[in-house]
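One line per chain: the protein sequences are X and W, in this order.
Position in the first sequence (from 1) plus 10 gives the number in the numbering used here.
Position in the second sequence (from 1) plus 3 gives the number in the numbering used here.
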Amino acid sequence: MQTRPTVTLAQFQDAFSQALFEEPAQAGTAVAALVAQPAFAVYRNTVAKGCIDALQANFPAVARLVGEEWFRAAAAVYVVNERPAVPSLLVYGKSFPTFLRAFPPAGELPYLQGAARLDRMWTEAHVAADAAALGRSAFATLDPDMLGDAILHPHPAARWAWFDEGPVFTIWSRNREECADEGDIDWRAEGALVTRPEDAVRWTSVDAAGCRFLEACAQGRPIAQALDAALGADPDANLVRLVSGLLESGAFAQLTLPSLNER
Amino acid sequence: MAPVVTAGLGLKPRHHAEASDCPAAGLWFEVHPENYLVDGGPRLRWLATIRERHPVSLHGVALSLAADAPPDAAHLRRLRGLADRIEPALVSEHLAWSTWRGAYHPDLLPFPRTNEALARISSNVSAAQEALGRRIAVENPSHYLRIDGHEWEEIDFLAELARRTGCGLLLDVNNVFVGAANLGFDAADYIDGFPAAPVMEIHLAGHSRDPSLGERLLIDSHDTPVSEAVWSLYRRLVSRIGPRPTLVERDDNLPEFAELLAERDRAHAILSAPVARAA
Chain X
11 MQTRPTVTLA
21 QFQDAFSQAL
31 FEEPAQAGTA
41 VAALVAQPAF
51 AVYRNTVAKG
61 CIDALQANFP
71 AVARLVGEEW
81 FRAAAAVYVV
91 NERPAVPSLL
101 VYGKSFPTFL
111 RAFPPAGELP
121 YLQGAARLDR
131 MWTEAHVAAD
141 AAALGRSAFA
151 TLDPDMLGDA
161 ILHPHPAARW
171 AWFDEGPVFT
181 IWSRNREECA
191 DEGDIDWRAE
201 GALVTRPEDA
211 VRWTSVDAAG
221 CRFLEACAQG
231 RPIAQALDAA
241 LGADPDANLV
251 RLVSGLLESG
261 AFAQLTLPSL
271 NER
Chain W
4 MAPVVTAGLG
14 LKPRHHAEAS
24 DCPAAGLWFE
34 VHPENYLVDG
44 GPRLRWLATI
54 RERHPVSLHG
64 VALSLAADAP
74 PDAAHLRRLR
84 GLADRIEPAL
94 VSEHLAWSTW
104 RGAYHPDLLP
114 FPRTNEALAR
124 ISSNVSAAQE
134 ALGRRIAVEN
144 PSHYLRIDGH
154 EWEEIDFLAE
164 LARRTGCGLL
174 LDVNNVFVGA
184 ANLGFDAADY
194 IDGFPAAPVM
204 EIHLAGHSRD
214 PSLGERLLID
224 SHDTPVSEAV
234 WSLYRRLVSR
244 IGPRPTLVER
254 DDNLPEFAEL
264 LAERDRAHAI
274 LSAPVARAA
């Protein structure tokens, strides 16, 4: 036992945490003697592997699209600048889709960022709060005159996105489901809705009008305005089919009426 | 885990159904709470299903008690929420750090055992126990590095931590074996000198070698059965301090549930032997 510590705990932790991601030669003096030991690699490997494994678990469709080797190499680059911010790896990788957009080797894969967003939407749906999904019967008790003023509240697990860049949802769902590629893909913009009405995460395609409708509902706008927004995206949208489709997917948790003094 | 002192198993998602249905007497399960710090969804329901039939222990890996900073308040709140929901038989953590200046490093990182570190960790353990409304058990870590500047032997450090905070201790026998091999101390001496009274739980696990990091380095890999050398240290410990709740950990290279249960039964038999009960 030495009697005089050479560094404070904070100095030690500054140097150690930095050395985990640096070349050994760059290690600060507070940990130089540790980094020089072969066993330092145990910590270096465990930390990097923990982060990369978590990304691979959280972005399985992306990993399948690019292959494990490519994925882990990209993840290793991401990890250096984006260490986990919360001590639970279940939700690690929030900015991974944005990282992929700017990652030069992904430049030839225009659908990759979108696929990563969808994997992220799956994770968010998986861990979201529980709520019963609203069924179509919710409208049965509502006075039809009040319908336009009522507000549909998205389910806590519902996530949706519109992909202008191409058939991201089709590409993603084929890889997420690990099914063999079946036939050609129409190269056109697509939307996706991810829900978890009960335990299992589900996904379905949704058109531009549906995305606009969901967006308006999420902003707390009444159904009449949300339908207007949907028609703004597609003047020919079948509104009854749109709303019942979203309800069937479990996109909503609540239907409320504005209180009298707000109307 | 009072009043019944039995042996348990780390819970793996792949074994969920068998684990839930297993009728073995006294069987309990341990999970990493970080995998269940969610707002809702299937994970919490899996855990609740297990909890309906078996005691559950929460073994944290991310509280970062040895960081020179208070434990993350939001993380503690979520942990408290899970504990209130699951009503664990025991909550434990590690004598290690992982979060530093906002970044989480998924490992159990070492530090020099100084007076300064003892004061900081005591304060962190007290803060955690207060926030969780529970006594926690703190686990001895595995060691790989020779660190200069220790002012305390680990056993004395842990005993003093328990004295200052009232926390319990979790003695991981495999960590002792791995650290002894890597740093060159005597594992039996460590086991014999470990303070008996605060021990709330014992861990057993397997280790392996990583030749790429030096011929002699042992890794606390949890990917093999418990070694005979570790079983021998375990019997030595139990015959001295008496039976304590014991967990067999396995995280990688998972065998069938029955094989893990057989290891757990072996620990259970040692706990139930007259020599253990008489101690």
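Glycine included, C-beta positions come from ideal geometry on N, C-alpha and C.
None of these values were measured; they are calculated from a predicted model.
- By the criterion of at least three beta-carbon pairs nearer than 8 Å, the segment 263–278 of chain W is in contact with the segment 7–15 of chain W.
- Taking all protein chains in view, the Cβ of residue 110 of chain X is crowded by 16 or more other Cβ atoms within 10 Å, so the residue is classified as buried.
- At a cut-off of 8 Å between beta-carbon atoms, residue 16 of chain X makes contact with chain W.
- Of all residues in the segment 143–176 of chain W, only 147, 148, 149, 150, 151, 152, 153, 154, 155 and 156 come within less than 8 Å of chain X when Cβ atoms are compared, listed by chain position.
- Taking the C-beta atoms as reference points, residue 69 of chain W is found no nearer than 8 Å to residue 130 of chain W.
- At a C-beta separation below 9 Å, residue 70 of chain X has no neighbours in chain W, since its nearest C-beta there lies roughly 15 Å away.
- For residue 247 of chain W, the closest of W:77, W:178, W:29 and W:16 by C-alpha to C-alpha distance is W:29.
- For residue 67 of chain X, no CB of chain W lies under 8 Å from its own CB, so it is not counted at the interface with that chain.
- Shown here, residue 194 of chain W sits in a helix according to DSSP, grouped into three states.
- DSSP places residue 131 of chain X outside any beta strand (DSSP E); the residue lies instead in the alpha helix (DSSP H), whose first and last residues are 122–137.
- By DSSP's assignment, residue 173 of chain X forms a beta bridge with X:200.
- Residues of the segment 84–95 of chain X with a C-beta less than 8 Å from any C-beta of chain W: 93, 94 and 95, listed in chain order.
- For residue 249 of chain X, the enclosing alpha helix (DSSP H) covers residues 249–259.
- In this structure, residue 52 of chain X lies near residue 216 of chain W, with their beta-carbon atoms less than 8 Å apart.
- Look at the beta carbons and you see the segment 219–236 of chain W not touching the segment 250–266 of chain X: under three pairs across the two are nearer than 8 Å.
- For residue 100 of chain W, there is no enclosing alpha helix (DSSP H); the enclosing beta strand (DSSP E) has its first and last residue at 100–103.
- Distance from the CA atom of residue 69 of chain X to the CA atom of residue 129 of chain X, rounded to whole angstroms, is 5 Å.
- Residue 13 of chain W carries a strand assignment under DSSP once its states are collapsed to helix, strand and coil.
- In this chain, the beta strand (DSSP E) harbouring residue 212 of chain X covers 212–215.
- Between residue 193 of chain X and residue 220 of chain X the beta-carbon gap is near 24 Å, outside 8 Å, which marks them as no contact.
- The Cβ-Cβ distance between residue 71 of chain W and residue 139 of chain X does not fall below 8 Å.
- Excluding sequence positions up to five before and after residue 198 of chain X, its CB lies within less than 8 Å of the CB of 176 and 177, all in the same chain and listed in chain order.
- Residue 108 of chain W and residue 93 of chain X do touch by the CB rule: their CB atoms are close to 7 Å apart, below 8 Å.
- Ranked by how close their Cα comes to the Cα of residue 44 of chain X, the residues W:265, W:258, W:223 and W:152 have W:152 in first place.
- In this structure, DSSP gives residue 222 of chain W an extended state, which the three-state scheme calls strand.
- Counting C-beta pairs with one atom in each stretch, the segment 90–108 of chain W and the segment 115–123 of chain X have fewer than three that are closer than 8 Å, which means they do not touch.
- Residue 234 of chain X and residue 45 of chain W have their alpha carbons spaced roughly 35 Å apart.
- Within the segment 206–222 of chain X, the residues whose Cβ lies closer than 8 Å to some Cβ of chain W are 206, 209 and 210, listed in chain order.
- Interface residue (Cβ-Cβ distance to chain X less than 8 Å): residue 97 of chain W is not classified as such.
- Counting the other CB atoms within 10 Å of its CB gives residue 183 of chain W a total of 16 or more, which places it among the buried residues.
- Burial is judged here by how many other beta carbons sit within 10 angstroms of a residue's own beta carbon; residue 39 of chain X has fewer than 16 and is exposed.
- Following the DSSP letters along the chain, one finds residue 264 of chain X inside the beta strand (DSSP E) bounded by residues 262–266.
- Neighbours of residue 222 of chain W in chain X, taken as residues whose beta carbon is under 7 Å from its own, are 52 in chain order.
- When 9 Å is used as the limit between beta carbons, residue 44 of chain W is near these residues of chain X: 135, 136, 137, 138, 139, 140, 167, 206, 209 and 211, in chain order.
- In the three-state reduction of the DSSP assignment, residue 93 of chain X falls in the coil class, being assigned neither a helical nor a strand state.
- Pairing residue 249 of chain W with residue 205 of chain W gives a Cβ-Cβ distance under 8 Å.
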